[in-house]
Amino acid sequence: TSFASAATESKTISPYSDNETDAPRDQLRVFASTVGIMALRDPSEGAYFIRALCQIIAKNAHRYHLFELINKVSVKMENEQLTTPETEYAHFVKKFYFNPISM
Numbered sequence: 001t002s003f004a005s006a007a008t009e010s011k012t013i014s015p016y017s018d019n020e021t022d023a024p025r026d027q028l029r030v031f032a033s034t035v036g037i038m039a040l041r042d043p044s045e046g047a048y049f050i051r052a053l054c055q056i057i058a059k060n061a062h063r064y065h066l067f068e069l070i071n072k073v074s075v076k077m078e079n080e081q082l083t084t085p086e087t088e089y090a091h092f093v094k095k096f097y098f099n100p101i102s103m
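Numbering (UniProt numbering), first residue to last: 1 to 103.
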């Protein structure tokens with residue numbers, strides 16, 4: 001299951017085609033594990049990935065952008081010997097903060 005898809009698809013016209021195409025932009029998809037691997041979950045506490053994600057965001061959202069937060073989740077999952085999250089980007093080049101310090 002995908003955690004987030006901050007998606008805004010822009011319609012662009014390719015100089016090589018007469019057709020209008022949808023180009024994925026500003027998308028980030030994070031999966032709890034890699035393809036073919038079952039994500040681990042605690043029967044009473046729920047998915048380890050979601051718990052780790054929430055803990056990292058709650059503790060660090062005020063100082064790190066989204067990619068750094070996701071990296072911290074991956075490191076936490078690895079250190080606790082859990083499944084390795086998989087991340088996909090589609091032209092997501094700007095820093096995204098959940099809790100910006102200043103505007």
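Backbone N, C-alpha and C define an ideal beta-carbon position, used for all residues, glycine too.
Same chain only: Cβ atoms within 7 Å of residue i, ignoring 5 sequence neighbours per side
i: Asp42; result: Tyr48
i: Ile37; result: Thr83
i: Ala39; result: Ala32, Ser33, Ala47, Phe49, Thr83
Cut-off 6 Å between Cβ atoms - residues of its own chain near residue i, not counting five sequence neighbours on either side
i: Ile56; result: Leu69, Lys72, Val73
i: Glu86; result: Phe31, Thr34
i: Glu78; result: none
i: Ala61; result: Phe98, Asn99
i: Lys76; result: Ala52
i: Lys59; result: none
Beta-carbon spacing of residue i, residue j below 8 Å
i: Glu88; j: Arg51; result: no
i: Asp26; j: Phe67; result: no
Per DSSP, the bridge partner or partners of residue i
i: Arg41; result: Ala47
Contact set for residue i: own chain, Cβ-Cβ below 8 Å, skip 5 residues either direction
i: Lys95; result: His65, Leu66, Phe67
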